[in-house]
Amino acid sequence: MNYTLLTPEIIVCCTALLVLVADLFMAQGSNKRLLGWLAIAGLIIGMFAVHNSPHGLAFGNRSFVNDSFAVYFKYLFLGIGILVIVSSMDYLANRTTHHGEYYFVLLLVIMGTMFMVSSGELISLYVSLELLSVGSYVLVAYLRTRQGIEGGIKYLLFGAFCSAVLLYGIGIIYGMTGTTEIQKIGEFLSHGDKGCALLLGLAFTLAGFGFKIACIPFHFWVPEAYEGAPTPITAFLASASKAASFAVFIRVFIEGFGGIRQEWIMALVVLCILTIAIGNLSAIPQANIKRLLAYSSIGHAGYLLIGLIIGTTAGLSAVMFYLLVYALATLGIFMVIAVISNKIGTDEIEGYAGMYKRSPFLCLCMLICLASLAGLPPLAGFMGKFYLFAYAVHAGYIYLAVIGFIFSTISVYYYFRILKSMYLGEAKDESIISLSPLLRVVLIIIMLGLFLIGILPQSFISLAIGSVSMGN
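Here the sequence shown is numbered in the working numbering, starting from 1018 and rising by one per residue.
As structure tokens, this is what we get:
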């Protein structure tokens, strides 16, 4: 037993409880930004704890594994959490109720993502996945608007169904292999019998994870959830939640089911192509910016599946690198949307008309982040797609690289529809949109980060390559 490995998760949990208790003792109408600062402080301390925590097994088995793979993603989740809370402090400023509960649930969800990437066993993985999911259902419906409640209910219903499917798949796998430890499942499949029942369990597991990563045809909850959720929570779902789901997908299918790769690889190829195509094509007619970005995120899930299909250290490192640059650009975009939507009261693209006259800085940030998502050089998104497509060509999946390139080109059109409205549209109101100094500094850091990673990607891809190895 080595409980010190749990220190980062314990710190985040204690911070969540501390925020909730602090909220009880704060007077009505007092400055609730203090709760946000308390949450940020806890996440920063959690980062130091991740840095200092040794690699190993917490309970003697693989129900909690702290390896280089988990550490990479824990840094990513804690960093995303800090940026989401920074955005939330301004977003919640004019909303006077339930701040403590909001930060409490958000911190628990972040803790859930941390447990997910350290789960080397299917039951602990499922429990941590449910911690992430249940908290996400609550946060999506936080505003209690019609759209928020509709999005939360759809997310809950689809999520409950797919969780049941995933659990059924786990049960079949346990029945056929006699273990729920992912590494031992991999060893069994390398030498044992691969019957039809096991393939059925694999199919159910693939369907359950397909919902979590929002690939076609398990994507129906995404547009409503993204549109109805508070904008900072939409940013979290699009970045941290997606990254956590891909991390466990990698651990289960590469470490656990790698021995029967031939049985599932073609299904993943079909899902990949459909997800890229339908995600990007569905984004084109959208008039709501959050729905457009929801379908865009589905398309990006398809690009990420290319790395899983490659399955090599290079392919998986490309996925991890892509998740980093995608999260950075996505957070920047949704931070801008949160500020603008709070001011204009709508998420419709036509409401962004003439925004350049009201806030040139926010428009510049939106331009850089959207260009990165589109994969334009010299930004980080270009290098993310370059590595994915180059490794796909090297592995013999030239057609996936070509499809990815074609639909990346198509994505430029719908991303620049937003920019066209902001820069060339006629503003109905030319009042200046202000933002806090903290948020301005954070957005500057995001923009500089996208340029830095795009110009000097080697150190970041090397970090991803060094973190691919699971169990070390």
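C-beta atoms are modelled at their ideal positions from N, C-alpha and C, and glycine is treated no differently.
Every alpha helix (DSSP H) of 4 residues or more that sits fully in the segment 1087-1157 is shown, in chain order, as 1116-1134 and 1139-1157. In this structure S1085 is in contact with H1072, their Cβ atoms being roughly 7 Å apart against a cut-off of 8 Å.
For I1350 against L1309, the beta-carbon gap comes to about 11 Å, at or over 8 Å, which does not count as contact. G1129 and S1141 have their C-alpha atoms spaced approximately 11 Å apart.
When only Cα atoms are considered, M1439 and G1117 end up about 35 Å apart. Sequence-distant partners of T1330 (beyond 5 residues in either direction) whose C-beta falls short of 7 Å from its own C-beta, in its chain, are I1482 and V1485. DSSP places M1043 in no alpha helix (DSSP H); its state is neither H nor E.
With fewer than 16 other Cβ atoms from the protein chains shown falling within 10 Å of its own Cβ, V1038 counts as exposed. Bridge pairing for L1074: V1082 [DSSP]. Per DSSP, the continuous alpha helix (DSSP H) segment holding V1239 begins and ends at V1239 to G1245. For a cut-off of 8 Å, the C-beta gap from G1168 to A1246 is around 6 Å, short enough to register as a contact. A check of alpha carbon separations from P1454 across I1250, T1032 and L1379 identifies L1379 as the nearest.
Look at the beta carbons and you see the segment 1141-1152 not touching the segment 1231-1244: under three pairs across the two are nearer than 8 Å.
For E1447, the number of other beta carbons within 10 angstroms of its own is below 16, and it is reported as exposed. The beta carbons of F1094 and I1127 sit about 6 Å from each other, so the pair counts as a contact at 8 Å. Here V1342 is not near I1427, since their CB atoms are 9 Å or more apart.
I1415 and A1300 have their C-alpha atoms some 25 Å from each other. By the CB criterion at 9 Å, L1456 and M1383 fall outside the cutoff. The distance from the Cβ of Y1154 to that of Y1172 is about 6 Å, consistent with a contact at the 8 Å cut-off.
Going by DSSP, I1470 is part of the alpha helix (DSSP H) stretching over P1454 to I1472.
With 16 or more other Cβ atoms from the protein chains shown falling within 10 Å of its own Cβ, I1250 counts as buried.
Close CB contacts of Q1303 within its chain, under the 6 Å cut and outside five residues either way in sequence, are with L1309 (chain order). Looking only at Y1119, L1034 and V1082, the smallest Cα-Cα distance to N1019 is reached by V1082. Cβ-Cβ distances below 7 Å link T1248 to Y1108, F1351, I1354, A1355 and S1358 in the same chain, with the five nearest sequence neighbours on each side left out; the list follows chain order. In this structure, K1201 sits away from S1135, with a CB-CB distance that is not shorter than 9 Å. Residues of the same chain with a CB within less than 7 Å of the CB of L1125, apart from the 5 flanking positions on each side, are A1033, L1148 and G1152 in chain order. Just so you know, the alpha carbons of Y1089 and F1263 end up roughly 13 Å apart.
CA-to-CA, the gap between K1402 and Y1320 works out to about 8 Å. Exclusion of the five residues before and after I1420 leaves I1290 and I1293 as the residues of its chain whose Cβ lies within less than 7 Å of its Cβ. Contact annotation, A1335 with L1405: C-beta distance approximately 5 Å; criterion of less than 8 Å satisfied. The criterion of a C-beta distance shorter than 9 Å is satisfied by L1100 and I1463.
Between G1227 and L1288, the gap from beta carbon to beta carbon is short of 9 Å. E1367 carries a helical assignment under DSSP once its states are collapsed to helix, strand and coil. For secondary structure counted as the alpha helix (DSSP H) over 4 or more consecutive residues, the segment 1267-1317 holds these complete runs in sequence order: 1278-1300. Secondary-structure assignment with DSSP links E1198 through a beta bridge to E1138. Restricting attention to I1323, W1238, Y1120 and I1189, the CA atom closest to the CA of G1053 is found in Y1120.
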